[in-house]
Amino acid sequence: MSDKKSEDLSDENLQRLKQQVEAYMLQHKPYVNPKLTLNELAGMLKLPPYLLSKVINEGYDINFFDFINTYRIEEFKRRMEDPHFQHYTLLSIAFEVGFNSKTAFNRSFKKITNQSPSEFFQTVKV
44 MSDKKSEDLS DENLQRLKQQ VEAYMLQHKP YVNPKLTLNE LAGMLKLPPY
94 LLSKVINEGY DINFFDFINT YRIEEFKRRM EDPHFQHYTL LSIAFEVGFN
144 SKTAFNRSFK KITNQSPSEF FQTVKV
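Residue 56 in this note's numbering sits at position 13 of the sequence shown; the count goes up by one each step and never skips.
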């Protein structure tokens with residue numbers, strides 16, 4: 044008798060589930076909720092939490108929080124390049140995209156992009 048949680052995902056299923064997760068993330072932007080949890084996102088996707096965790100860990104080689112923060116950083120960068128947001132502070136945009144503290148934002152930004160938010164901001168302004 045096999046345990047569902049220990050079964051390996053086939054490459055085909057992994058790719059299909061990754062596409063499902065990516066489409067949902069881009070369309071619904073659940074990452075802007077600063078309190079988003081693995082269980083909540085799994086519920087939105089109608090997937091068991093263990094399976095979503097496995098897709099993120101195996102499909103992206105990162106943990107849930109880094110996965111969510113990657114989407115937040117990409118949304119932050121999009122907004123920084125949008126003239127509509129030119130009068131917003133870096134921190135206000137960070138809060139709008141789902142970060143709940145300046146420290147968490149700065150740490151995640153540096154980890155994901157290898158530059159600080161202000162270094163990125165300078166490249167956008169030029």
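Just so it is clear, CB atoms sit at the ideal spot from N, CA and C, and this is done for glycine as well.
query	result
If you draw a straight line from the C-alpha of Phe142 to the C-alpha of Leu57, how long is it?	28 angstroms
Classify Ala66 as buried or exposed, calling it buried when 16 or more other Cβ atoms lie within 10 Å of its own Cβ.	exposed
Alpha carbon to alpha carbon, what distance is there between Leu94 and Gln62?	14 angstroms
Would Glu118 and Val140 qualify as a contact pair, given that the criterion is a beta-carbon distance under 8 angstroms?	yes
Checking 8 angstroms against the spacing of the C-beta atoms, do Ser151 and Asn112 come in under that value?	yes
Hey, how far is the Cα of Glu55 from the Cα of Glu101?	13 angstroms
Tell me which same chain residues have a C-beta within less than 7 angstroms of the C-beta of Leu84, skipping the five on either side of it?	Pro73 and Leu95
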